[in-house]
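Undergrad: This is the structure I have questions about; it appears just below.
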Amino acid sequence: MDLLNALVDKGIRREVPTREEALAVLATSDDELLDVVAAAGKVRRKWFGRRVKLNYLVNLKSGLCPEDCSYCSQRLGSRADVLKYTWLRPGEAAEAASAGVAGGAKRVCLVASGRGPTDRDVDRVAETISAIRERHADVEVCACLGLLGQGQAERLRAAGADAYNHNLNTSEATYRDICTTHGFSDRVDTVRQAQAAGLSACSGLIAGMGESDEDLVDVVFALRDLDPDSVPVNFLIPMEGTPLAAEWNLTPQRALRILAMVRFVCPDAEVRLAGGREVHLRTLQPLALHLVNSIFLGDYLTSEGQAGQADLEMIADAGFEVEGAGTSTLPEHRTDLVAVRRRGAGTDLPPNA
Ligand code: SF4
Numbered sequence: 001m002d003l004l005n006a007l008v009d010k011g012i013r014r015e016v017p018t019r020e021e022a023l024a025v026l027a028t029s030d031d032e033l034l035d036v037v038a039a040a041g042k043v044r045r046k047w048f049g050r051r052v053k054l055n056y057l058v059n060l061k062s063g064l065c066p067e068d069c070s071y072c073s074q075r076l077g078s079r080a081d082v083l084k085y086t087w088l089r090p091g092e093a094a095e096a097a098s099a100g101v102a103g104g105a106k107r108v109c110l111v112a113s114g115r116g117p118t119d120r121d122v123d124r125v126a127e128t129i130s131a132i133r134e135r136h137a138d139v140e141v142c143a144c145l146g147l148l149g150q151g152q153a154e155r156l157r158a159a160g161a162d163a164y165n166h167n168l169n170t171s172e173a174t175y176r177d178i179c180t181t182h183g184f185s186d187r188v189d190t191v192r193q194a195q196a197a198g199l200s201a202c203s204g205l206i207a208g209m210g211e212s213d214e215d216l217v218d219v220v221f222a223l224r225d226l227d228p229d230s231v232p233v234n235f236l237i238p239m240e241g242t243p244l245a246a247e248w249n250l251t252p253q254r255a256l257r258i259l260a261m262v263r264f265v266c267p268d269a270e271v272r273l274a275g276g277r278e279v280h281l282r283t284l285q286p287l288a289l290h291l292v293n294s295i296f297l298g299d300y301l302t303s304e305g306q307a308g309q310a311d312l313e314m315i316a317d318a319g320f321e322v323e324g325a326g327t328s329t330l331p332e333h334r335t336d337l338v339a340v341r342r343r344g345a346g347t348d349l350p351p352n353a
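Anchor point for the sequence shown: position 96 equals 96 in the numbering used here, and the numbering is continuous, going up by one each time.
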């Protein structure tokens, strides 16, 4: 297929496909699906081999959010049955992180619900990062705390955070349909602040919220413009008690096409299979490993994931290997967190990183 050959060539050269090419990937038929996966798989293997990075999510604070993101079970007024608690203590969070590291996780993602952190919250997260570092000097730590205020990205970096996650989620044109309490540009600003502070940016999307193919391509191109190092792709799990509870409109085939499109547009970024993979990809999850080079291990956020052991077996059965702590995730021309950490004192490393 000419389209796929062209996309493979561009992906290997790190060239941006056209919007029409990205839309054409989403419009391919089920008969073409394995060809699409094989083509995007070539791009994935060019930049990441057969390695799979494992990430583990620690929920520092859950529920009780004043924002109204309609996909989120922790939103203001949500009737979803989720745990609600305020700030895990540093020792508790480090204990939780250890479970992920023992399961092979290379990155720990510290997530807190809410619009954004207060300065006191940043202090708490700094203490948590120190507690994790005492046990696991090499683990990558990513914070996901919402919209950042002045100077907070720098403080997180100084506290030893390697990365910051803040997703764009959907296209700028439809952002107001999913959230009214903050805007698309607020999200872009936070990603830029994180990058400016020297944090590795992690920013992705949620598919399955009723968006069009154009919306999906728009958000992925907006991400490409921001150039985050990692791009998590979530598939909406419609939760009872939220406005999107009835949005069951993804198929495993559609989910694979979306992942392939993201890989072609962001060929050398860490594309991470995130929320909703079990629910929407179901038995086709192993095929997704040909497209993404990173997954969340086990439980994440407010949804149940496959148990860690099942993930490890899936990776091995599909012919992939778990990426070790000493291996760089990203290609040489991108931020290399392992190399940055190894360079040690005297560089831009914070003292406790
Ligand atoms: S996504 Fe974050 S900011 Fe939005 S409602 Fe959920 S916890 Fe709050």
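Glycine included, every Cβ here is placed at the ideal spot set by N, Cα and C.
Computed from a predicted structure; not experimentally measured.
Return yes when at least one heavy atom of ligand 1 lies under 7 Å from the C-beta of Arg-115, else no.
TA: Here residue 115 is taken as the residue at index 115 of the sequence shown, counted from 1. Yes, Cβ of Arg-115 sits closer than 7 Å to a heavy atom of ligand 1.
Undergrad: How about Cys-202: is its Cβ closer than 7 Å to a heavy atom in ligand 1?
TA: Working through the sequence shown from its first residue, we reach residue 202 at position 202. Not so, every heavy atom of ligand 1 lies at least 7 Å from the Cβ.
Undergrad: Are Thr-128 and Leu-60 closer than 8 Å when you measure CB to CB?
TA: Here residue 128 corresponds to residue number 128 of the sequence shown, with the count starting at 1. Here residue 60 corresponds to residue number 60 of the sequence shown, with the count starting at 1. Yes, these two residues count as a Cβ contact at 8 Å.
Undergrad: Is Glu-15 helix, strand or coil by DSSP?
TA: Numbered from its first residue, the sequence shown carries residue 15 at position 15. Coil.
Undergrad: Which residue or residues does DSSP assign as beta-bridge partners of Lys-61?
TA: Counted from its first residue, the sequence shown places residue 61 at position 61. Bridge partners of Lys-61: Ala-112.
Undergrad: Output the distance between the C-alpha atoms of Thr-302 and Cys-72, rounded to the nearest integer angstrom.
TA: Within the sequence shown, numbered from 1, the residue matching residue 302 stands at position 302. Within the sequence shown, numbered from 1, the residue matching residue 72 stands at position 72. The predicted model places Thr-302 with a pLDDT of 48, which falls under 50 and marks its position as unreliable, so this point remains unresolved.
Undergrad: For Glu-15, verify whether its CB is less than 7 Å away from any heavy atom of ligand 1.
TA: Taking the sequence shown and counting its residues from 1, the one referred to as residue 15 is at position 15. No.
Undergrad: Excluding the five sequence neighbours on either side, which residues of its own chain have a C-beta within less than 8 Å of the C-beta of Glu-240, listed in chain order?
TA: By one-based count along the sequence shown, residue 240 stands at place 240. Excluding positions up to five away in sequence, the list reads Arg-79, Ala-80 and Asp-81.
Undergrad: Since Glu-140 is in the beta strand (DSSP E), which residue starts that stretch and which ends it?
TA: Translated into the one-based positions of the sequence shown, residue 140 becomes position 140. Counting along the chain, the beta strand (DSSP E) containing Glu-140 begins and ends at 140 to 144.
Undergrad: What did DSSP end up calling Leu-349 once you bin it into helix, strand or coil?
TA: In the sequence shown, residue 349 corresponds to position 349, counting from 1. Only weak support exists for where Leu-349 lies, its pLDDT of 34 falling under 50; the value from the coordinates is given anyway. Reduced to three states, the DSSP call for Leu-349 is coil.
Undergrad: Classify Asn-169 as helix, strand or coil using the three-state DSSP reduction.
TA: Counting from 1 along the sequence shown, the entry for residue 169 is found at position 169. Reduced to three states, the DSSP call for Asn-169 is strand.
Undergrad: How many Å lie between Leu-3 and Pro-243 at the Cα?
TA: Within the sequence shown, the letter at position 3 stands for residue 3. Within the sequence shown, the letter at position 243 stands for residue 243. If you take the alpha carbons of Leu-3 and Pro-243, they lie about 37 Å apart.
Undergrad: Using a threshold of 7 Å, is the CB atom of Glu-240 nearer than that to any non-hydrogen atom of ligand 1?
TA: On the sequence shown, residue 240 is found 240 positions in, with the first residue counted as 1. No, Cβ of Glu-240 sits at least 7 Å from all heavy atoms of ligand 1.
Undergrad: Nearest by alpha-carbon distance to Phe-296: which of Ser-230, Thr-251, Arg-334 and Asp-268 is it?
TA: Locating residue 296 in the sequence shown gives position 296, counting from the first residue. The shortest Cα separation from Phe-296 among Ser-230, Thr-251, Arg-334 and Asp-268 belongs to Ser-230.
Undergrad: So, helix, strand or coil for Thr-302, using DSSP?
TA: What you label residue 302 is simply residue 302 of the sequence shown in a count that begins at 1. Here the model assigns Thr-302 a pLDDT of 48, short of 50, so the residue's position is not dependable, and the following value carries that caveat. Three-state DSSP puts Thr-302 in coil, outside helix and strand.
Undergrad: Return yes when the Cβ of Gly-116 is within less than 8 Å of the Cβ of Arg-157, no when it is not.
TA: Position 157 of the sequence shown, counted from the start, is the residue given in the question as residue 157. Position 116 of the sequence shown, counted from the start, is the residue given in the question as residue 116. Their beta carbons are not under 8 Å apart, which means Arg-157 does not touch Gly-116 by this criterion.
Undergrad: With a threshold of 7 Å (Cβ to nearest heavy atom), would Cys-69 be considered close to ligand 1?
TA: The residue labelled residue 69 in the question sits at position 69 within the sequence shown. Cys-69 Cβ: within cutoff of ligand 1.
Undergrad: Kindly list the residues whose CB is nearer than 6 Å to the CB of Leu-281, restricted to its own chain and excluding five residues on each side of it in sequence; keep chain order.
TA: Position 281 of the sequence shown, counted from the start, is the residue given in the question as residue 281. So the list reads Pro-252, Ala-255 and Ala-288, once near-sequence residues are dropped.
Undergrad: What residue range does the alpha helix (DSSP H) around Arg-282 cover?
TA: Position 282 of the sequence shown, counted from the start, is the residue given in the question as residue 282. Note, Arg-282: premise wrong, no alpha helix (DSSP H); not H, not E.
Undergrad: Is Cys-142 near ligand 1, with its Cβ less than 7 Å from a heavy atom?
TA: As a first step, residue 142 must be located in the sequence shown, where it is residue number 142. The answer is no for Cys-142.
Undergrad: Which stretch, first to last residue, makes up the alpha helix (DSSP H) that contains Val-125?
TA: Locating residue 125 in the sequence shown gives position 125, counting from the first residue. Element bounds for Val-125: 119 to 135.
Undergrad: Report the three-state DSSP secondary structure of Pro-90 (helix, strand or coil).
TA: As a position in the sequence shown, residue 90 is number 90, starting the count at 1. Here Pro-90 sits in helix by DSSP.
Undergrad: Can you grab the Cα-Cα spacing for the pair Gly-308 / Gly-103, in whole Å?
TA: Taking the sequence shown and counting its residues from 1, one reaches residue 308 at position 308. Taking the sequence shown and counting its residues from 1, one reaches residue 103 at position 103. The straight-line gap from Cα to Cα measures roughly 7 Å.
Undergrad: Which residues in the same chain as Val-101 place their Cβ atom closer than 6 Å to its Cβ, once the five residues preceding and following it in sequence are excluded?
TA: Here residue 101 refers to the residue found at position 101 when the sequence shown is read from its first residue. Around Val-101: His-136 and Val-139.
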